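Chains as they are written, first to last, in my numbering: chain A, 21 to 490; chain B, 21 to 490; chain C, 21 to 490. Here a beta-carbon is modelled for each residue, glycine too, at the ideal position from N, C-alpha and C. As the structure is a prediction and not an experimental result, all values here were calculated from the model.
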């Protein structure tokens, strides 16, 4: 599985041509790993350090010199040193003049300094060409070879020749460079490895809030209400029964929220009569994190599935089954079989399973390597057609679960309806609006708008132009 | 998760060297997204348009000119315009002379025009070097950065220098260009994004047909038969019981059909005594979609697993359990425990679970990113050894499920055997033939044939040559 | 899904520039597939062969010549011939002088010959530049296009210009070349496709040994003991009950073993007072296969989940439920409901489900394409924080399962405690040590050591230097 063949490699080059020499300042973990990897890929590596004590950890074949000696051996120098210690480079200004300095550093916190490390380096050594690169790659990944070609290395710098040299090295190491423009992009590139799931934050907090709300709601209805009215201790319901109400509700609501922004966007476009107006920021952000919302919803659906399958193992359920049978025996009541009840029970289970199956399919196709294999038409088919089918099946599952008792007043406790009734509001709204939107008359207008047509008469001329562009 | 750092980027290049300028004709969604992305990656972007009204949507820093003005600013021009509007380029023939024109267009339908858009463009502007590229990338993916380095961009064109220029731009955007040859390949490249799962069509229709057939078969045996003979309403079985017969049968049949073509190919090679004869087309096509067949089978197996686990929650099953107990109470019959029944019930469950587990493992290893990590020997081990083990376990699961009552005549209804008996035909056939094929005498002949040996005496000389090639 | 558009492609190049010509020696499967692929990507392909009989299988448009004729047509020659037949190349030494020879061969066994095939080739034809490449790619994958850009091609050779030429061809075929240095690396590269899951061997054997040990342990306690003491036949337990004890125990033990080496490493670092000393080899190897250990553990956890969910379908369980009810009816005993038992049963189920859910999440994030999307901080968060949470939940699940009867002597059989008690030893140990390690006083020392600080006073000066490096 792992490319272990890259771990140990021959150390000599008996080629007639001299290999390219690169210099690395700093013999810390990252410096050593980078040196090791470059050495493997055919480069001759020279380290710059204050002393050469820790040479046992360095790749054999590499040499360690003082900073200024090392700098003279190569025209490209990787600065694998913490920013706090950049000061000493000021003394080497002459040695570094005209050299390419590659800043690979990261800071522990976002926006810790007013300027990026790479820009700071460029100020310290004005005569050098500073390029930012490699900071998104970890020492461990470099050394263990746990990187494949799809790993991108963000590169930026003001001098395009210097940048090109660094990008060639990135490619030689089997990685993909991605030019990010001038050195001003370094701030972004340095912030990137410090982010913690920025796109997942909104779905996470939203689902946590939904879970909490519905948990409290269910506790009131299913634990506090019976305790107050009948003085019955149902606290044990908080372990399985209530989570198994909260999770499906959250899943269904989140799934509907995946499709709600698309519906809102369509209404906005119909209302404004053009697609050439930006959506409000909240809608843009919402649309960008639809995938994450959907995957969180899938997580809750998965939990719901297991919590449901575990039901017959629970002590409470087994006890109730025994108790029902015993009661029938004692009261000598008949236990007739109702086909309609069997239909009802089986159909909501079946619809739920099919919905869950499609949901899992959606989840699998959103794996990066799978969605990469699909063309745009296939991706749209999966995410839109199959997605709506999933929403329809899951909503039908909840509707069938309710069945007849849906809005019967006997189910109200302290005027609170069952939690799943609340869960149905957003999905049903989305489905109804979507149903209206796909009716031919409205759909055709929408299609024309999305192809560039505009309703305003005065702009009809330019619209004709707009229409001609992809 | 998402490379959000690419969304906002610095807009100035304070490099001493002038960045390369590219020109884009058309300010539609794709033109703008492409411009935005190229701008991010350090290019200077110029738009050509009839008017400059919609400039608010264009990346700031980009300039909009008339077509002929814009064309003069760069020697590489992206034509982000619908094919229907190419006509106007005829007037610009002089401006476009000697320029590289990149055709990024797609058509709404497959084979809509006699020639590809790129070839049409080359006819319109004979003095330009036309290159087809980027049509498989969506505007949305370009803008949102939801592309990684493993995304391939198909490129074709008659002039290799022009093609090289375009491929360099593709690489600079962090994508992988794939040279597809001359401009005649444009037809294929333009059809590619219009395909809808071409490899999945056969497995999909086949499984749909199998499902339908077995569903009707089961309805006749389990619903119509009891209704006719005993006047019993068992329609509710159509919701869970019958799907849970149909899905495993379809899964097992499809899984066997994954291994059948390999067995047929081996027999053909043994019969013909050479591997240097093409297989019939149907066999070739069948072999190419084995992976898809297997994944569809896995889907059905997954459904079978959930439908089975849901059994004890069903109203019908709970009622039957209560009923059995009540009957025992009333008739005061003893309820002895049979170890053999326990063995039988537990062993078919256990074998089924292990088979399903291996099946899921096979599915995971067929994910593109996972199979990419494996070498050829590992891939073969998984898909062949583990695959046959899965088939053996799943067939054993069905055989054990049947148990003693397998072919007892009492199980026939209207001369129809149980559905699972039909399900066993293909898997058992495949396993028996495979068992014969791996017997040393036959296996050795097969191995020799696959290494290039031929049975015909007259070709033995050339076979010797053939043997020497990989 | 599949890039079928690459299957059939135009055969003519009407470009004014002549396409580059490559020569392939050998018309076997690999030679043909390689020629086909290169032809698709715009190269002109010439085959060298002893005769041209099998031309029907060759890509149309390609020409077949004798070896020496073919060699004259191109300066780059792919040797798609088995090593045993290299001898004849000796006769062509003059034709091959100064040419680039690409060795694509593989051997059937690891270390079959004293030197690698590529080095042998270099000895045979001393005047040629030998480059090793493409041996990790299969003929089938080349022809079917089932390769994406993340597939790496290892390349090595002594002449960097020749290597560069080959790497350009690799890129043109849409693959990623990875320079592995001089021709001495060829041995490693040739061994790579012959490996069979080297990183999975230790986890596999370890888990097999654990399974076997616990299976025998459980058989003694649950089958032999009741047979000897009560003369009761419980052999049927070996099908489901005992596996369902063995699998969770193995899963929990393996999961704990994923986190044990990290804890040992921390203790070693604390004890040695430095991070600049290599860990013992066994610890290094153990740390490198943590991911594989974790995935094997997930497999067992998955099996445990299904074996558990299947419980209520088992004949034995159904019989026992009926039996319990019947006994209650006959003895007319009351069947009171214990809230505490309900709490206990529900809470261990709930904790187990949540633990399994997190475990599955960990497994998904270890998919190559998913972990590639994460930055280092996100990856650490998932694998460390979420990993420990999973371990805590799974350990709690086992502890709660035991409940009160944990160490009651009545549960001992032949002085053997229940198997799950043994399962808890390693997880509890790991969690207790980890808990001690994260206490502020110890954690701070550890953090300083990991930032380069050393306890030894004499090396404090160099430590200061070390601290400055990344």
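message: Is the beta carbon of residue 269 (chain A) closer than 8 Å to that of residue 439 (chain A)?
response: yes
- prompt: So which residues on chain B does residue 323 (chain C) lean against when the C-beta distance must stay under 9 Å?
  reply: 373, 374 and 377
query: Taking Cβ to Cβ, would you say residue 370 (chain C) is nearer than 8 Å to residue 263 (chain A)?
result: yes
Test item: CB-CB of residue 53 (chain B) and residue 68 (chain B) under 8 Å: no
field: Beta carbon of residue 408 (chain A) nearer than 8 Å to that of residue 454 (chain A)
entry: yes
message: Against residue 349 (chain B), what residues of chain C qualify as contacts under a CB-to-CB distance less than 9 Å, listed in chain order?
response: 345, 346, 349 and 350
task: Measure from the C-beta of residue 215 (chain B) to each C-beta in chain A and report whether the shortest distance is under 8 Å.
output: yes
message: Contact between the segment 142 to 159 of chain C and the segment 169 to 185 of chain C is defined here as three or more beta-carbon pairs at a separation below 8 Å; is this criterion met?
response: yes
message: Measuring only the C-alpha atoms, how far is residue 198 (chain B) from residue 128 (chain B)?
response: 23 Å
task: Quick one: which residues of the segment 193 to 207 of chain B get their C-beta closer than 7 Å to a C-beta of chain C? List them in chain order.
output: 196, 198, 199, 200, 201, 202, 204 and 205
message: Just to confirm the assignment: which complete alpha helix (DSSP H) runs, minimum length 4, are found wholly within the segment 425 to 480 of chain A?
response: 439 to 443, 445 to 457 and 460 to 470
- prompt: Hey, residue 290 (chain A) and residue 223 (chain A): beta-carbon distance below 8 Å or not?
  reply: no
- prompt: Out of curiosity, what's the CA-to-CA distance linking residue 443 (chain C) and residue 240 (chain B)?
  reply: 51 Å
message: Let's test the definition: count the other Cβ atoms within 10 Å of the Cβ of residue 305 (chain A) and tell me whether it reaches 16, buried, or not, exposed.
response: exposed
- prompt: Under 7 Å Cβ-Cβ, which residues of chain A neighbour residue 357 (chain C)?
  reply: 339
query: Taking DSSP as the reference, what is the three-state secondary structure of residue 45 (chain B)?
result: strand
- prompt: At which residues does the alpha helix (DSSP H) containing residue 388 (chain A) begin and terminate?
  reply: 388 to 391
- request: Report the rounded CA-to-CA distance for residue 260 (chain A) versus residue 366 (chain C), giving the unit in angstroms.
  value: 6 Å
query: Closer than 8 Å, CB to CB, is residue 301 (chain A) near chain B or not?
result: no
task: Over the uninterrupted beta strand (DSSP E) stretch that includes residue 150 (chain A), give me the two end residues.
output: 149 to 152
- prompt: Is there at least one Cβ from chain C nearer than 8 Å to residue 18 (chain A)'s Cβ?
  reply: Absent from the structure is residue 18 (chain A), since the part of chain A shown begins at 21 and ends at 490.
query: What number of angstroms, rounded off, separates the C-alpha of residue 257 (chain C) from the C-alpha of residue 242 (chain C)?
result: 8 Å
Within-8 Å CB hit, residue 156 (chain B) to chain A: yes
query: Three or more beta-carbon pairs under 8 Å between the segment 345 to 363 of chain C and the segment 334 to 345 of chain A, yes or no?
result: yes
message: So residue 334 (chain B) contacts chain A; which residues on that side make the cut at Cβ distance below 9 Å?
response: 362, 365, 366 and 369
- prompt: Is residue 367 (chain A) helix, strand or coil when you go by DSSP?
  reply: helix
message: Give me the DSSP bridge partner(s) of residue 80 (chain C).
response: C:82
field: Three-state secondary structure assigned by DSSP to residue 34 (chain B)
entry: Unreliable positioning characterises residue 34 (chain B) in this predicted model, as indicated by a pLDDT of 39, which lies under 50. The coordinate reading is nonetheless provided below. In the structure shown, residue 34 (chain B) sits in coil (DSSP, three-state: anything other than H, G, I, E or B).
Rounded separation between residue 196 (chain B) and residue 331 (chain A) - CA only: 50 Å
task: Specify the secondary structure class of residue 332 (chain A) as computed by DSSP and reduced to three states.
output: helix
- prompt: Among residues of its own chain, excluding the 5 on either side of residue 123 (chain A), which ones have a beta-carbon nearer than 8 Å to its beta-carbon?
  reply: 99, 137, 138, 141, 150, 151, 152, 153, 155 and 206
message: Please confirm whether residue 389 (chain B) has its beta-carbon closer than 8 Å to some beta-carbon of chain C.
response: yes
- request: Determine, using beta-carbon pairs with one atom in the segment 315 to 331 of chain B and one in the segment 212 to 220 of chain C, whether at least three such pairs fall under 8 Å.
  value: no
task: Under 8 Å by Cβ, that's how I've got residue 410 (chain B) and residue 375 (chain B) pegged, so tell me the actual separation to the nearest angstrom.
output: 6 Å
- prompt: Based on Cα-Cα distance, which residue from B:45, B:133, B:105 and B:266 lies nearest to residue 93 (chain B)?
  reply: B:45
- prompt: Along the chain, which unbroken stretches of the beta strand (DSSP E) at least 3 residues long are found entirely within the segment 107 to 183 of chain B?
  reply: 120 to 123, 149 to 152 and 172 to 177
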